[in-house]
Amino acid sequence: MIQTTSPRRVQINEVAVRDGFQSEPLFVPTEDKIRLIDALSKTGLSKIEVTSFVSPKAIPNLRDAAEVMQAISRQPGVTYVALVPNEKGAERALACSADEINLVMSIGESHNLANMRMTCAQSLQQFGRVMALLAGSGIKVNGTIATAFGCPFEGEQPLERILWAAGEYLALGMHSLTLADTTGMAHPAQVRQVCQVVRAAHPGVPLTVHFHNTRGMGLANVMAAVGAGVDSFDASLGGIGGCPYAPGATGNICTEDTVHMLEACGIATGVDLDALLALSRGLPELLGHPVPGQVAQAGKRTDLRPRPAICTTPA
Ligand code: COA
Ligand code: ZN
């Protein structure tokens, strides 16, 4: 057995109920969303991205955002986040007392237009209004740089463009940053470089990474980010998720698989893996289809099987 003495601790942010449910073919009933969020709240997760205050025409599955945000039982120590694209979304999130607002812009202009129907300049203009609206509210604002590791329409984005977006966000007064790999284009060497450069440019600014496992590189990217000093990871129960405005988009990295891997490596997450696995195993029934998460299917690496008879019967 490899002994690790690493004192590393990272935080895990759950996005299944936003990134996951937004792209489900069928509407997940409001009471099921609330029940799942309440259960997730007790597993040791640092943040839960509860919903998004976007146009209900753009994302019909999250049209119950306000109801969900108001009905959940908030646990101390958990930050309840709402994704917001514009001023109207921020007004709605503010009315429901979200703890944190996550402003999202894709740095690929084409994806921002497809997803948000805005140019990047228009998104930044909206963000300026959001920051003015929230001034003095005590609500923290995270800025997500979507398509940071590649735009599905334009390809890999230059480092300068990532740094440009980070600089714009921080100049507006956002308190933290997320680098999002919206369509699973990131690879570990790129992740290491981008995370190192962004951390060096903005030391002390909390940095989260948000990976999708579209091309099977999700957990490798997590380890690359850990190596680059990142300590905050978005992940989705069961590995569900995906942007409805990016062709071929698939699920986020799976929360329980990520926790299972990190803990095996001696990196503490503070998350109750068994509780997550139990919740993940309920997803196929809730959603009506199988989900990609692997540990919920295979069992933990420490869940040993009974020895076959040949091992116990004397020859
Ligand atoms: N919440 C609810 N409704 C909103 C809204 C918000 N945040 N922003 C705009 N709307 C409404 C407007 O009131 C208007 O309603 P009406 O048709 O009844 O008058 C309608 O949406 C169109 O408004 P407009 O400002 O012209 O928006 P748009 O059609 O250009 O769309 C967005 C812009 C940002 C609202 C839309 O593209 C969107 O919600 N995108 C989010 C996509 C997403 O969540 N992707 C996955 C996560 S990254
Ligand atoms: Zn995502």
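Residues 384 to 698 (our numbering) make up the sequence shown, in order.
Where a beta carbon is used, it is the ideal one built from N, C-alpha and C, also for glycine.
Bear in mind the structure is a predicted one, so any value in this text is a computation, not a measurement.
Can you tell me where the beta strand (DSSP E) holding residue i begins and where it ends?
i, result
"V467", "T462 to V467"
"E483", "E483 to S489"
"L562", "S559 to D564"
"T638", "No beta strand (DSSP E) contains T638, which is instead part of the alpha helix (DSSP H) from T638 to A647."
"L590", "L590 to F594"
Judging by CA-CA distance, which residue of the options is the nearest neighbour of residue i?
i, options, result
"A608", "S619, H593 and L620", "H593"
"G653", "T426, G612 and T434", "T426"
"F536", "H570, G665, A497 and Q509", "A497"
"A658", "L423, R391, C503 and C648", "L423"
"A515", "A473, P541 and T527", "A473"
"I545", "Q576, M501, P697 and D617", "Q576"
"K416", "M499, L670, T685 and V513", "L670"
"S619", "N604, V642, V437 and P439", "V642"
"G400", "S663, R688 and V613", "One point to set straight first is that residue 400 is Val, not Gly, in the sequence displayed. Taking only the C-alpha atoms, the option nearest V400 is S663."
"M499", "K440, A692 and R418", "K440"
"G665", "D402, I623, E551 and L555", "I623"
"I431", "A465, V437, E407 and F510", "A465"
"L428", "I650, I693 and D655", "D655"
"E551", "V487, V574, G538 and G682", "V487"
"P630", "T597, Q508 and G612", "T597"
"G599", "D640, F616 and Q540", "D640"
Pull up the CB-CB distance for residue i and residue j, whole angstroms please, since I reckon it's below 8 Å.
i, j, result
"V433", "V451", "6 Å"
"L517", "L477", "7 Å"
"H558", "V524", "6 Å"
"I522", "C503", "Contact doesn't hold; Cβ gap of about 23 Å is too wide."
"I420", "I442", "Not a contact, Cβ separation roughly 17 Å."
"L555", "V588", "Going by Cβ atoms, the distance from L555 to V588 rounds to 13 Å, so no, they are not a contact pair."
"P627", "S406", "5 Å"
Per DSSP, which residues does residue i bridge with? Please list them.
i, result
"S615", "Q394"
"K416", "DSSP output for K416 lists no bridge partner at all."
"C534", "G538"
"S435", "L466"
"A529", "S489"
"V524", "I484"
"A651", "R392"
"K683", "Paired residues: none, contrary to the question."
"N635", "H595"
In the DSSP assignment, find the alpha helix (DSSP H) that holds residue i and state where it starts and stops.
i, result
"V574", "P571 to A584"
"T695", "A692 to T695"
"E450", "A448 to A454"
"P443", "Careful: P443 lies outside any alpha helix (DSSP H) and carries neither H nor E."
"M606", "G601 to G610"
"R664", "L656 to R664"
"A515", "C503 to L517"
>> If contact is defined by three or more beta carbon pairs under 8 Å, each pair taking one atom from either stretch, is the stretch 522-537 in contact with the stretch 565-581?
In response: yes
>> I'd like to know if the stretch 436-453 and the stretch 675-688 are in contact, where contact means that at least 3 CB-CB pairs between them fall below 8 Å.
In response: no
> Do three or more CB pairs link the stretch 635-643 to the stretch 586-601 at distances below 8 Å?
Replying inline: yes
> Can we say the stretch 638-651 touches the stretch 453-466, given the rule of at least three CB pairs closer than 8 Å?
Replying inline: no
> Between the stretch 389-405 and the stretch 576-586, do at least 3 Cβ pairs fall closer than 8 Å?
Replying inline: no
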